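In what follows, a structure is listed as structure tokens, so that the remarks can point back to it.
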Amino acid sequence: TQLLFAPPRQYLPAFSDCSDFEGRADNCFDDELVSVIHEDGIEWFGDRYGVEPTKKPADPIDVIVVDVLYPEDSTTRSDKVYNDSNFWSSLMKSLSDEGVLAVVVGKAPNIHDPKPDIGVYKHREALFNILEGLPEVGAMFVYEEAHSGFEEPHSFLAVCRSASCRSRWYAESDAIDFQVYERIVRTKSKERALVHFDGSTQRSYQVSPKAWETVYCRREPTPFECAYRSLDTTKELHDYVIGDEEASSFVIEAKKKGEGEEVEEVETQVFATRNIPKGSYIMPEHLASSFLISDQSIANLEFNTKVGGTGNVTIISDLLEFIDDYGHQSGADGIGLNIVEVGASYMIRSVDDEDEANIGRWVPPHPSGKRPVYSPVYERHRLSFDVFLVATKDIAKGDEILKHKNIWNE
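So the sequence shown is numbered by my numbering: it starts at 382 and just counts up by one.
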């Protein structure tokens, strides 16, 4: 393989030209940060992280990029690579705690493809199955890029050692742009070091195309969450309509104590003004109006309340208390996002006894007790799964609407 490095230097110099980067060697291969290893990749990782390693592990790796074969190319080599669980396991074991494995996984699917374990993409499905079963995998995200120089869009897989990478995958474009600015090498020409990527590009990757979900749900047996890819149009919607008692399915009452100026509101209760069948959606418009706030933003607000000399911070403290009382963590592991109810739904009383409650989450917890590390359904619909509630039993006119205190716990 060493012989392959000479021709690119002479005939494709732009591929290894680092002369515009501050503090870097003119040729990328000559840089002090670069170590080129001329060995078979499968053997190198297997010797250090395989089932029976024969060599001392290297330092933890932050990023591994696998771009050697396409799963639709059925060759002896591709058959071995995409079905070799020991190889993929060794890659994941070599990563640092926050490490990421990036893999080129061939042409993008379409909604007319058969179930994924048959046809030309069976090797891709085999790879996905292997990765999903590895304990070192915390999260998997698939995305497409139509500007890779191919006739058709190609797909890529990001595999994270930790589920906490979900917070970075779904970060806002401005946050990503800032991280790029903070970490990217500067150029002598003052031109952007990254030609094709920025925060808005990452934003376009965050929601995988519907075809991935469609093909995923053709697995056998059908994954549990595939039954919740859209709201059930056969079910009724019951909302609280402010100022219109006739249109509203609910009435809100407040228990108060004290007299005159000493009146203090203690508790609110929500009652049904009509019969509500089991499975009906409860206050969907109000719940869809919930606001989102990250763990980092909450930490920043908490910090502000402790800074001396800033005056009255009661408003911030009150907001934090409201978030604590009426917010809940997203069910998407590691995303670090909180959903805070600000509509009439937050006035629904919580109870300790789950049997006493008559409403619950639209999507129940996964039967396995944990969401799968790879699921286009959970990723595409995570916000809907985090907010909507349904009637868990028939609710009669006049009944109080009650939710369990741990309604949002997975």
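No residue lacks a Cβ here, since even glycine has one placed at the ideal position from N, Cα and C.
Note that the structure is a prediction, hence the values are computed from the model and not measured.
Would you kindly work out how many angstroms separate the C-alpha atoms of Glu722 and Asp676, rounded to a whole number? 16 Å
Three-way DSSP call (helix, strand, coil) for Leu682 in this model: helix
Determine, using beta carbons only, whether Pro665 and Leu718 come nearer to each other than 9 Å. no
Segment limits, beta strand (DSSP E) that includes Gln710: From DSSP, the beta strand (DSSP E) with Gln710 extends over Gly708 to Gln710.
Are at least three pairs of beta-carbons, each pair with one atom in the segment 654–664 and one in the segment 605–623, less than 8 Å apart? yes
Burial state of Ile557, where buried means 16 or more other Cβ atoms lie within 10 Å: buried
In three-state DSSP terms, what is Asn719? DSSP, read as helix, strand or coil, puts Asn719 in strand.
Which class does His747 belong to by DSSP, given the choice of helix, strand or coil? coil
Any idea if Phe769 is buried or exposed, counting beta-carbon neighbours within 10 angstroms, 16 or more meaning buried? buried
Between Ile499, Ser470 and Val758, which has its C-alpha nearest Glu517's C-alpha? Nearest Cα to Glu517 within the set Ile499, Ser470 and Val758: Ser470.
With a CB to CB cut of under 6 Å and the five nearest residues on each side skipped, what residues in its chain are close to Glu735? His785
Starting from Phe769 and walking both ways along the alpha helix (DSSP H), at which residues does that stretch end? First-last for Phe769: undefined, no H or E at that position.
From the DSSP secondary-structure annotation, give me the bridge partner or partners of Gln650. Under DSSP, Gln650 shares a beta bridge with Glu634.
Among Tyr707, Phe410 and Lys774, which one has its Cα closest to the Cα of Asn739? Lys774
I'd like the span of the beta strand (DSSP E) that includes Leu783, first residue to last. Leu783 to His785
With a CB to CB cut of under 6 Å and the five nearest residues on each side skipped, what residues in its chain are close to Gly427? Answer for Gly427: Ser471, listed in chain order.
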